[in-house]
Amino acid sequence: MTAEGTGLYVHVPFCLKKCSYCAFTSVKKPDDTSGMCSALHTEFIQRTRNRNIQFRTFYAGGGTPSLLPPEFWMRLIGAVKTPSMEEVTIETNPAVLDAVGYSALFLAGFNRISVGVQSFSDMNLKLLGRIHSADEARESLKLARKMGFRNISLDLMYGLPGQTSENQKKDIEEALLFMPQHISAYDLTLEPGTPMGDRGEKASENQCAEMYYRIHEMLTANGYIHYEVSSYALEDKYRSKHNSSYWDRTPYIGIGPSAHSFTGAGRSWNVSDIPEYESSVVQGNLPEEFSEELTDEDAAHEILALGFRNTNGVDLKELERFGFKLDLADLLNTGFVKKKGNLMIPNTGGMLFADYLALKAAELLEEVPRV
Ligand code: SF4
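Under this note's numbering, the first residue of the sequence shown is numbered 16, with each subsequent residue one higher.
What follows is the structure in structure tokens.
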């Protein structure tokens, strides 16, 4: 693993209640979280012992990481912190924290908070099985700012069954009233095994595409930069550095149940089962379920799949590094991509159809002679 530019992801598998669409690894928070806190800390030590890793980003996700005590976070951030660390993010659910809670997280060392609002409509929140109300979401955004956070990300969701354009417009308008530094706007994904996924509850594909363009138009008209299919930043400096590093394939370490890691040459992921995770760490083992080295073909597929999802685009020189000299001129005819030097950059529609573009480009991987 390269020592520079590395991110640390910490997966906390606890929530107050499972949302109806959620397939992330999370269970109801136990009364005593000390076993998990200790396992996370131990895994961090296991993975970083005798290595001089200069972390640039730290991201506490889940689950609902703000359910763990601030003292735990303060200790972990203290152990991770390097002079190069620029962004220290925690996700939270509006039902979880009061003013003291936000203040404690800020003092623990987080400089960015991602608030899972999803919608400002109580009807939508109920449909999604969220535990909080719209008023609690409003309050938590105000409290986060009041208690010190100057870099706030707000999550919104669209594509809900029965959601009208008027309803979505209201959500966006209200999000804009808060002018958060960052907005993540996700199209609801139907995950098998979840109540909403199993019932197939979602707006039609056309409605979802309309909603995608609506949010793009309303946010960019208000100064936001649309830099990834679901991500908008108020200024360049507010682009999520941690998530951006996933898209440009910077190495990262993931700790916690189901967390993934990437070394630059290979990927691995941890077991999801919480008791298995904890006991594996306690026994001094890495709690990995699977690890693999990537072939050049794997790397090329990743570059295409990730590159068309964001405005950095696909770097043709990077593909060449893995032996593939692709001529993607045909993609220019789709109207979804433009070429700038070595880069194939998707436009708004291109990011929406990133999977299609990646598939078309990947077909050529089979045909070109290796360089
Ligand atoms: S709060 Fe987030 S992680 Fe927890 S159940 Fe809901 S969507 Fe899943």
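Note that beta-carbon positions come from the ideal geometry of N, C-alpha and C, so glycine has one too.
query: Cβ-Cβ distance between lysine 256 and glutamate 101 below 9 Å; result: yes
query: Rounded separation between isoleucine 240 and tyrosine 227 - CA only; result: 14 Å
query: Other residues of its chain near lysine 340: CB distance less than 7 Å, five sequence neighbours each side excluded; result: Val383, Val386
query: Sub-9 Å separation of valine 329 and phenylalanine 323 beta-carbons; result: yes
query: beta-carbon cysteine 223 near the ligand SF4 non-hydrogen atom, thresh 8 Å; result: no
query: Check: threonine 79 C-beta below 8 Å from any heavy atom of the ligand SF4; result: yes
query: Glutamate 308 burial status per 10 Å Cβ neighbour count (16 or more: buried); result: exposed
query: Minimum C-alpha distance to aspartate 46 - residue among Pro361, Ser35, Phe29; result: Phe29
query: Among Ser35, Tyr24, Arg282, His26, nearest to glycine 208 - alpha-carbon criterion; result: Ser35
query: Cβ pair count under 8 Å reaching 3, the region 230 to 244 against the region 206 to 222; result: no
query: Residue interval of the beta strand (DSSP E) (run including lysine 15); result: A question about residue 15 goes unanswered here, because the residues of the chain that appear run from 16 up to 386.
query: Enclosing alpha helix (DSSP H) for methionine 51 [first to last residue]; result: 49 to 63
query: Inter-stretch contact (C-beta, 8 Å, three-pair minimum) for the region 97 to 111 and the region 289 to 298; result: no
query: Alpha-carbon to alpha-carbon, leucine 82 and valine 111; result: 7 Å
query: Residues of its chain near alanine 18, where Cβ-Cβ distance is below 6 Å and the 5 sequence neighbours each way are ignored; result: Annotation note: pLDDT 46 at alanine 18 (below 50); position unreliable, coordinate value reported separately. Answer for alanine 18: Asn67, Ile68, Gln69, listed in chain order.
query: Neighbour-count burial assignment, isoleucine 60, 16 or more Cβ in a 10 Å radius; result: exposed
query: Rounded straight-line distance, which links the Cα of leucine 319 to that of proline 98; result: 33 Å
query: Beta strand (DSSP E) runs wholly inside the region 203 to 255, at least 3 long, in chain order; result: 240 to 243, 246 to 248
query: Contact belief for histidine 56 with leucine 23 at Cβ below 8 Å, rounded distance in angstroms; result: Rounded, the Cβ-Cβ distance is 12 Å, inconsistent with contact.
query: Residues of its chain near phenylalanine 351, where Cβ-Cβ distance is below 7 Å and the 5 sequence neighbours each way are ignored; result: Pro361, Asn362, Gly364, Gly365, Phe368, Leu372
query: Cutoff 9 Å: threonine 204 Cβ touching any chain D Cβ; result: Given the protein chain composition of this structure (a single chain), no chain D is represented.
query: Beta-carbon proximity list for lysine 161, same chain, < 8 Å, skipping 5 on both sides; result: Ala114, Tyr117
query: Simplified DSSP assignment, three categories, for glycine 269; result: strand
query: Alanine 218 burial status per 10 Å Cβ neighbour count (16 or more: buried); result: buried
query: Nearest-angstrom Cα separation, counted from leucine 156 out to methionine 16; result: Since pLDDT at methionine 16 reaches only 45, below the 50 mark, its modelled position is unreliable, and the value read off the structure follows with that caveat. So the two alpha carbons sit approximately 37 Å from each other.
query: Separation of tryptophan 88 from alanine 123, as counted between CA atoms; result: 6 Å
query: Backbone secondary structure at threonine 72 - three-state DSSP; result: strand
query: Any non-hydrogen atom of the ligand SF4 within 8 Å of phenylalanine 70 CB; result: no
query: Where the beta strand (DSSP E) containing aspartate 170 begins and where it ends; result: 167 to 173
query: Cutoff 6 Å; reference glutamine 178; Cβ partners in own chain excluding five residues on either side; result: Ala218
query: CA nearest to the CA of leucine 175, picked from Leu192, Ala224, Leu321, Lys44; result: Ala224
query: Rounded separation between leucine 379 and lysine 33 - CA only; result: 42 Å
query: Spatial distance of glutamine 133 from phenylalanine 39 (CA atoms); result: 16 Å
query: Simplified DSSP assignment, three categories, for phenylalanine 87; result: helix
query: 7 Å CB neighbourhood of lysine 375 in its chain, flanking five on each side removed; result: Leu346
query: Near the ligand SF4: lysine 157 beta-carbon under 8 Å from a heavy atom; result: no
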